[in-house]
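Protein chains in written order, with our numbering: chain R, 148 to 679; chain B, 28 to 106.
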């Protein structure tokens with residue numbers, strides 16, 4: 148059977164006593180084996196059946212945790228449909244998504260416990276809410292019977308992704324979509340291989356690659372509690388493999404580059420005993436070999452000592468980092484994917500990789516190009532967007548998914564990306580931001596006549612042409628206008644997840660340049676209008 | 028090395044400004060070019076280096092070097 152149940156049952160059969168998950172609670176490491184995890188997952192599966200949830204949409208709101216994974220697998224290894232939502236979204240957006248996804252029950256993380264009452268009050272379809280806590284899960288009654296897995300063509304998960312029209316779209320992924328992607332991706336890990344999961348679990352890339360794929364291989368997944376502690380956790384858990392977005396790689400590189408400069412400096416400074424803090428003598432430090440020793444010592448300090456592979460995707464990575472990390476014995480393997488493809492489309496592997504490329508297509512994927520746009524067909528391509536037939540029709544034509552990215556294949560079959568068709572802004576942390584969604588909100592301010600949001604310097608810039616009549620009427624000086632707009636932006640930011648924060652404002656002197664149909668030309672958003 | 032200098036050296040790892048030129052009025056994102064993840068990683072380092080525990084929500088409302096230093100001082104006093 149091509150479903151998630153089959154993958155999970157096989158993993159439990161093969162790896163029952165191996166540690167599946169490790170996590171920290173107040174600096175103490177806790178762990179659960181595949182067998183222990185399966186015990187709770189069965190309890191969740193039968194609990195849902197006993198409460199008459201069959202083919203029901205069940206949402207999850209919370210950060211990565213044992214309970215989140217037990218809840219998710221309890222849903223999708225039975226006959227229900229999981230709807231993972233971003234716990235960082237504002238309350239009103241989460242309520243809207245719960246309603247729009249027709250969710251009937253909810254697993255809710257303790258950090259969003261404030262939603263408990265609000266959800267019951269505002270989401271009429273929600274019949275049950277369970278908290279994602281150990282206490283709640285340990286009270287689930289023991290499974291006296293079991294529930295079969297879903298058919299391969301049934302929907303397993305609906306993942307919400309930024310839409311270009313300003314409304315997020317629910318990507319419907321079937322059991323086969325997900326299980327085929329899990330099987331098709333090449334991942335170099337043996338049972339017991341330690342991984343550290345640092346990405347948000349509601350993202351397809353994290354959910355499928357960090358969890359479903361590694362569980363299918365018998366890996367031990369360590370859960371990172373906060374990005375604040377990622378480097379510390381790398382030295383605690385000592386992972387061999389990690390998934391990161393480019394922004395994380397850039398941040399870690401800054402740290403390791405600074406530590407390296409410092410280490411070389413110390414080697415030169417400690418003249419008294421000829422030793423250094425990284426355990427290398429000054430005489431040795433002048434050789435190529437000692438430079439390698441310093442890098443090895445630093446890799447142990449920053450990466451934990453065992454890290455050999457970082458898989459990355461979601462945004463462009465400068466090949467410079469691939470070269471630099473290789474000096475520390477870490478291979479960065481870039482891939483390409485999107486929620487609509489469950490998500491991996493192409494990937495570099497340990498044996499087949501090319502810097503600058505995003506790899507070759509995985510086995511169950513075919514690629515084609517239409518006016519430069521990458522089209523994808525295969526068994527991991529979504530069924531469609533939930534209750535959005537027009538958007539589905541736009542994206543899926545004759546079974547080909549239109550990715551919105553432009554690219555080409557080289558003579559060796561490696562894919563390269565060289566542009567985008569749609570307006571989505573891809574942040575270096577892999578989050579996709581719809582500029583229209585933010586522009587719609589900002590243009591509600593009467594002082595803003597026109598606004599275009601652009602992605603610049605790892606942040607979002609709001610380029611604003613003010614409502615000049617109102618500015619004149621209020622007698623605002625340029626400084627006062629900027630202050631007033633900044634106050635409005637601060638207020639907007641306070642209700643948004645960090646990746647949607649406006650980090651810079653540009654007040655324009657002229658209106659934006661428009662095309663013949665009157666639409667603002669986004670590609671010219673940085674230029675003033677010479678005709679004005 | 029003074030506490031303040033150690034603190035500024037941690038910041039200097041993530042940007043082009045050296046610890047001795049690190050003015051308290053400098054803003055992490057706009058002036059020092061910190062990404063959101065640089066900032067989170069920096070907070071984690073503060074915790075490890077100075078043995079304090081930061082509340083993420085409070086810490087992420089910080090904009091300038093001086094504000095971060097002030098928070099660190101407050102936490103050390105309280106601890």
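Don't be surprised by glycine CBs; every beta carbon is placed ideally from N, CA and C.
Checklist line | C-beta atoms of residue 574 (chain R) and residue 321 (chain R) nearer than 9 Å | finding: Against a cut-off of 9 Å, the Cβ pair of residue 321 (chain R) and residue 574 (chain R) comes out as no contact.
Notebook entry, point to check: When we look at the beta-carbon of residue 621 (chain R) and count the other beta-carbons within 10 Å, is it buried (16 or more) or exposed?
Noted result: With fewer than 16 Cβ atoms within 10 Å of its Cβ, residue 621 (chain R) is classed as exposed.
Item checked: Cβ neighbours of residue 613 (chain R) in the same chain (closer than 7 Å, five flanking residues each side left out) -> Closer than 7 Å at Cβ, skipping near neighbours: 594, 595, 596, 628 and 654.
Notebook entry, point to check: Would a check of beta-carbon distances place residue 81 (chain B) closer than 9 Å to chain R?
Noted result: By this cut-off, residue 81 (chain B) is an interface position.
Margin query: Could you tell me the alpha carbon to alpha carbon distance between residue 233 (chain R) and residue 273 (chain R), rounded to whole angstroms?
Written below: Distance between the alpha carbons of residue 233 (chain R) and residue 273 (chain R): 18 Å.
Note to self: Determine whether the beta carbon atoms of residue 509 (chain R) and residue 324 (chain R) lie at a separation below 9 Å.
What the structure shows: The answer is no: Cβ separation not under 9 Å.
Note to self: Can you tell me whether residue 306 (chain R) is helix, strand or coil according to DSSP?
What the structure shows: DSSP places residue 306 (chain R) in strand when its eight states are reduced to three.
Check: Nearest-angstrom Cα distance between residue 468 (chain R) and residue 376 (chain R)?
Finding: Linking residue 468 (chain R) to residue 376 (chain R) through their CA atoms gives a straight-line distance of about 22 Å.
Next item on the list: Determine which residues share a DSSP beta bridge with residue 678 (chain R) and list them.
Entry: Beta-bridge partners assigned by DSSP to residue 678 (chain R): none are found.
Check: Looking at the C-beta of residue 416 (chain R), does it have a partner C-beta in chain B at a distance below 9 Å?
Finding: Reliability fails at residue 416 (chain R), whose pLDDT of 43 lies under 50, so the model's placement of it is uncertain and the value that follows must be treated cautiously. With a threshold of 9 Å between beta carbons, residue 416 (chain R) makes no contact with chain B.
Next item on the list: Alpha carbon to alpha carbon, how far is residue 632 (chain R) from residue 336 (chain R)? Give it in angstroms, no decimals.
Entry: Cα to Cα, the separation comes out at about 51 Å.
Checklist line | Cβ distance (whole Å) where residue 195 (chain R) is taken to contact residue 227 (chain R) below 8 Å | finding: With a beta-carbon spacing of about 6 Å, residue 195 (chain R) and residue 227 (chain R) fall inside the 8 Å limit used to define contacts.
Margin query: Could you pull the DSSP bridge partners for residue 208 (chain R) from this structure?
Written below: For residue 208 (chain R), which the question treats as bridged, DSSP gives the partners R:232 and R:255.
Check: Which runs of the alpha helix (DSSP H) spanning at least 4 residues fall entirely within the segment 572 to 645 of chain R, listed in chain order?
Finding: Runs of alpha helix (DSSP H) with 4 or more residues, each lying fully within the segment 572 to 645 of chain R, are found at 582 to 589, 615 to 621 and 625 to 641, listed in chain order.
Check: Is the number of C-beta pairs between the segment 199 to 207 of chain R and the segment 229 to 247 of chain R that are closer than 8 Å three or more?
Finding: Touching, per the Cβ criterion.
Notebook entry, point to check: residue 451 (chain R) and residue 385 (chain R): beta carbons closer than 9 Å?
Noted result: Result yes, Cβ atoms of residue 451 (chain R) and residue 385 (chain R) sit closer than 9 Å.
Next item on the list: Can you give me, in chain order, the residues of the segment 48 to 72 of chain B that have a beta carbon less than 8 Å from any beta carbon in chain R?
Entry: The segment 48 to 72 of chain B vs chain R, Cβ under 8 Å: 56, 57, 60, 62, 63, 64, 65, 67, 68, 70, 71 and 72.
Next item on the list: Report buried or exposed for residue 132 (chain R), applying the criterion of at least 16 other Cβ atoms within 10 angstroms of its Cβ.
Entry: Within the shown structure, residues of chain R are numbered from 148 to 679, placing residue 132 (chain R) beyond reach of any answer.
Notebook entry, point to check: Mind checking whether the beta-carbon of residue 367 (chain R) lies closer than 8 Å to any heavy atom of the ligand FMN?
Noted result: Among the ligands in the structure shown, none appear at all, so the ligand FMN cannot be discussed.
Check: Can you tell me whether residue 167 (chain R) is buried or exposed, with buried defined as 16 or more other CB within 10 angstroms of its CB?
Finding: Its Cβ being crowded by 16 or more others within 10 Å, residue 167 (chain R) is buried.
Item checked: Which of helix, strand or coil DSSP assigns to residue 387 (chain R) -> In the displayed model, residue 387 (chain R) falls within coil according to three-state DSSP, outside both helix and strand.
Next item on the list: My understanding is that residue 357 (chain R) touches residue 342 (chain R), with C-beta atoms under 8 Å, so please give their C-beta distance in whole angstroms.
Entry: Right, their Cβ atoms sit about 7 Å apart.
Check: What three-state label does DSSP hand residue 434 (chain R) in the structure shown?
Finding: Three-state result, residue 434 (chain R): coil.
Item checked: chain B contact residues for residue 565 (chain R), given Cβ-Cβ distances below 9 Å -> Correct list: empty, because the minimum Cβ distance to chain B is about 24 Å.
Next item on the list: Find the residues of chain B that neighbour residue 405 (chain R), judging by a C-beta separation of less than 7 Å, and give them in chain order.
Entry: Ordered by position in chain B, the residues that pass the 7 Å Cβ test against residue 405 (chain R) are 40.
Check: Which value, in whole angstroms, describes the spacing of the CA atoms of residue 64 (chain B) and residue 318 (chain R)?
Finding: Straight through space, the alpha carbons of residue 318 (chain R) and residue 64 (chain B) are spaced by roughly 27 Å.
Next item on the list: Rounded to whole angstroms, what's the CA-CA distance from residue 421 (chain R) to residue 91 (chain B)? Just pull it up for me.
Entry: Unreliable positioning characterises residue 421 (chain R) in this predicted model, as indicated by a pLDDT of 45, which lies under 50. A coordinate reading is not provided.
Next item on the list: State buried or exposed for residue 225 (chain R), treating a residue as buried only when at least 16 other CB atoms are found within 10 Å of its CB.
Entry: Classification for residue 225 (chain R): buried.
Checklist line | Same chain only: Cβ atoms within 7 Å of residue 590 (chain R), ignoring 5 sequence neighbours per side | finding: For residue 590 (chain R), same chain residues with a beta-carbon under 7 Å away, outside a window of 5 residues either side, are 598 in chain order.
Notebook entry, point to check: Comparing the C-beta of residue 108 (chain B) with each C-beta of chain R, is any distance below 9 Å?
Noted result: Nothing in the structure corresponds to residue 108 (chain B), since chain B is present only between 28 and 106.
Next item on the list: Output the distance between the C-alpha atoms of residue 103 (chain B) and residue 83 (chain B), rounded to the nearest integer angstrom.
Entry: Their backbone Cα atoms lie some 16 Å apart in a straight line.
Item checked: Endpoints, the alpha helix (DSSP H) within which residue 660 (chain R) is located -> No alpha helix (DSSP H) contains residue 660 (chain R), which DSSP labels as neither H nor E.
Next item on the list: Could you tell me whether the Cβ of residue 374 (chain R) comes closer than 9 Å to any Cβ of chain B?
Entry: It does: the Cβ of residue 374 (chain R) has a partner Cβ on chain B nearer than 9 Å.
Next item on the list: State the DSSP-derived secondary structure class of residue 404 (chain R), mapped to helix, strand or coil.
Entry: Helix at residue 404 (chain R).
Checklist line | Residue(s) in a DSSP beta bridge with residue 566 (chain R) | finding: According to DSSP, residue 566 (chain R) shares a beta bridge with R:553.
Next item on the list: Taking only the alpha-carbon atoms, compute the straight-line gap between residue 158 (chain R) and residue 457 (chain R) and give it to the nearest angstrom.
Entry: Straight through space, the alpha carbons of residue 457 (chain R) and residue 158 (chain R) are spaced by roughly 23 Å.
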